[in-house]
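Input: a single structure, listed below in structure tokens.
There are 2 protein chains.
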Amino acid sequence: MAGTIDRTRYASDNCSVGRTLAVVGERWTFLVLREAFYGQRRFEDIQSTLGVARNVLAARLQTLVEHGLLVRRPYREPGKRERFEYRLTDRGTDLFPALVALMEWGDKHLPDEAGPPVALEHRDCGARLHVELVCEAGHRGDGALGGLTARDATPVPGPGARLRDDATA
Amino acid sequence: MAGTIDRTRYASDNCSVGRTLAVVGERWTFLVLREAFYGQRRFEDIQSTLGVARNVLAARLQTLVEHGLLVRRPYREPGKRERFEYRLTDRGTDLFPALVALMEWGDKHLPDEAGPPVALEHRDCGARLHVELVCEAGHRGDGALGGLTARDATPVPGPGARLRDDATA
Numbered sequence: 110m111a112g113t114i115d116r117t118r119y120a121s122d123n124c125s126v127g128r129t130l131a132v133v134g135e136r137w138t139f140l141v142l143r144e145a146f147y148g149q150r151r152f153e154d155i156q157s158t159l160g161v162a163r164n165v166l167a168a169r170l171q172t173l174v175e176h177g178l179l180v181r182r183p184y185r186e187p188g189k190r191e192r193f194e195y196r197l198t199d200r201g202t203d204l205f206p207a208l209v210a211l212m213e214w215g216d217k218h219l220p221d222e223a224g225p226p227v228a229l230e231h232r233d234c235g236a237r238l239h240v241e242l243v244c245e246a247g248h249r250g251d252g253a254l255g256g257l258t259a260r261d262a263t264p265v266p267g268p269g270a271r272l273r274d275d276a277t278a
Numbered sequence: 110m111a112g113t114i115d116r117t118r119y120a121s122d123n124c125s126v127g128r129t130l131a132v133v134g135e136r137w138t139f140l141v142l143r144e145a146f147y148g149q150r151r152f153e154d155i156q157s158t159l160g161v162a163r164n165v166l167a168a169r170l171q172t173l174v175e176h177g178l179l180v181r182r183p184y185r186e187p188g189k190r191e192r193f194e195y196r197l198t199d200r201g202t203d204l205f206p207a208l209v210a211l212m213e214w215g216d217k218h219l220p221d222e223a224g225p226p227v228a229l230e231h232r233d234c235g236a237r238l239h240v241e242l243v244c245e246a247g248h249r250g251d252g253a254l255g256g257l258t259a260r261d262a263t264p265v266p267g268p269g270a271r272l273r274d275d276a277t278a
């Protein structure tokens, strides 16, 4: 994107990318979320799918619950003791575009010869879904579906922008 | 999203999310890319902005160069020795929607009181840019600009889907 924020002047420690990654910027965390989007809710199922160590999975689930992306709910199967399942909250569901964007990059740049293992369809019509960068004014770009690219984007200081402590006048 | 892939039957080790995170699924890596999108090219500038340890930054830049997201180019300022700068490749630029999606989640769910520190404008018209999940058939949803949500998405096995070794018939 065209650089119009002087990074030597503005603080970067209040960046929303950094804050988001502080919650989900760990490989297993995003893979746990991936399984949640696939409808996996139970520790044993997620553990079996990911092959992750149980203590690591427990820690990642805990992080996601603490930050409100998953909620932990008790359930009990007949004749068994109470257990817990993990469900996506609205806050967790809002990460879906980021997950799809990561998937689409991998589909394009790190594919198997056979192609992507998963496709996303619009539930209503069966057409493919994609993540696109879109302009509020409705302008079209060169992306797959008329989306824009990084070259069409100009970052500008937002309402929460702060000058760096060492910024010169 | 509506779950229609049985995760107990299909392999997950060929997932494009996992492969992508194996390259960029580390907090500093994404922050280095963020600075590249802001137009920062030089080690000293990126290091000053991020406040990351020099050896960590060197390792992350190396990873991004090895995977073809950045390219390392020599430059020389008058009277100084040759140095290197790092530029985004097309492969790196393609990660922009994922970066914006992470930023938008943070803008919404982890904001300062003052609001987001950065806004993205369409270079041509100045209107805001957003990442949206869009349907190839053009159907609209409830998202900010008519985009769809996770609830509109159905994952289906793609051409590269493989059954798990332990899948039952």
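Line by line, the protein sequences give chains A and B.
110 is the number of the first residue of the first sequence in the numbering used here; add one for each residue after it.
110 is the number of the first residue of the second sequence in the numbering used here; add one for each residue after it.
Beta carbons: idealized from backbone N, C-alpha and C, even for Gly.
(Q) Is the separation between the beta-carbon of A:P268 and that of B:G235 shorter than 8 Å? (A) no
**Q.** Proximal residues, the region 137 to 157 of chain A versus chain B, C-beta separation under 8 Å
**A.** F139, L140, R143, E144, F146, Y147, G148, Q149, D154 and S157
Q) Going along the chain, which residues of its own chain have a beta-carbon closer than 7 Å to the beta-carbon of B:R182, five neighbours each way excluded? A) Cβ within range, chain order: F193, E194 and R196.
(Q) Can you give me the C-alpha to C-alpha distance between A:E68 and B:P187, rounded to a whole angstrom? (A) The structure shown has nothing for residue 68 of chain A, since chain A only spans 110 to 278.
Q. Can you name the residues of chain B whose CB is closer than 9 Å to the CB of A:G188?
A. Under the 9 Å cutoff, chain B gives no residues; its nearest Cβ is about 22 Å from A:G188.
**Q.** Three-state secondary structure (DSSP) of B:V279
**A.** The question about residue 279 of chain B has no answer here: the residues shown for chain B are numbered 110 through 278.
Q: Could you tell me whether the Cβ atoms of A:L179 and A:A207 are closer together than 8 Å?
A: no
**Q.** Reference A:L173; option with closest CA among A:A131, A:C244 and A:P220
**A.** A:A131
Q.
If you follow the beta strand (DSSP E) that B:E144 is in, where does it begin and where does it stop?
A. Note, B:E144: premise wrong, no beta strand (DSSP E); alpha helix (DSSP H) at R136 to F146.
(Q) Measuring alpha carbon to alpha carbon, tell me which residue in B:H231, B:R128, B:D199 and B:A210 is nearest A:R128. (A) B:A210
Q | Euclidean distance between Cα positions of A:G160 and A:D275 | A | 46 Å
Q | Assigned secondary structure, B:T263 (DSSP; H/G/I helix, E/B strand, else coil) | A | strand
Q.
For chain A, check one thing: does any of its Cβ atoms lie closer than 8 Å to the Cβ of B:L242?
A. Closer than 8 Å to some Cβ of chain A, the Cβ of B:L242 qualifies, so yes.
Q: Could you list the residues in the region 176 to 210 of chain B with a C-beta less than 7 Å from some C-beta on chain A, going in chain order?
A: R200, T202, D203, L204, F205, P206, A207, L208, V209 and A210
Q | Assumed close pair A:V126, B:G215 - CB separation to whole angstroms, cut-off 8 Å | A | 6 Å
Q: Please state whether DSSP places A:H231 in a helix, a strand or coil.
A: Residue state, collapsed to three classes: strand.
Q: Could you work out which residue in A:E230, A:R260 and A:H231 is closest to A:C244 when comparing CA atoms only?
A: The shortest Cα separation from A:C244 among A:E230, A:R260 and A:H231 belongs to A:R260.
Q: Apply the 10 Å Cβ neighbour rule to B:T117 and answer buried if 16 or more other Cβ atoms are within range, or exposed otherwise.
A: exposed
Q. Applying a beta-carbon distance threshold of less than 8 Å, which residues of chain A neighbour B:L170?
A. Within chain A, no residue comes near B:L170; the closest Cβ sits about 16 Å away, beyond 8 Å.
Q) Taking only beta-carbon atoms, is B:R118 less than 8 Å away from chain A? A) no
Q) For the region 222 to 250 of chain B, which residues have a CB atom closer than 7 Å to at least one CB atom of chain A, in sequence order? A) A223, G224, P225, P226, V227, A228, L229, E230, H231, R232, D233, C234, A236, R237, L238, H239, V240, E241, L242, V243, C244, E245, A246 and H248
**Q.** Closest Cα partner of A:R185 within the set A:R200, A:R151 and A:N164
**A.** A:R151
Q | B:R143 versus B:S121, B:N164, B:R169 and B:C124, residue with shortest Cα-Cα distance | A | Closest option to B:R143, judged by alpha-carbon separation, among B:S121, B:N164, B:R169 and B:C124: B:R169.
Q. With 8 Å set as the bound, which would you pick, yes or no: does the beta-carbon of B:V265 sit closer than that to a beta-carbon of chain A?
A. yes
Q. Does the beta-carbon distance from A:P264 to B:Y147 come in below 8 Å?
A. yes
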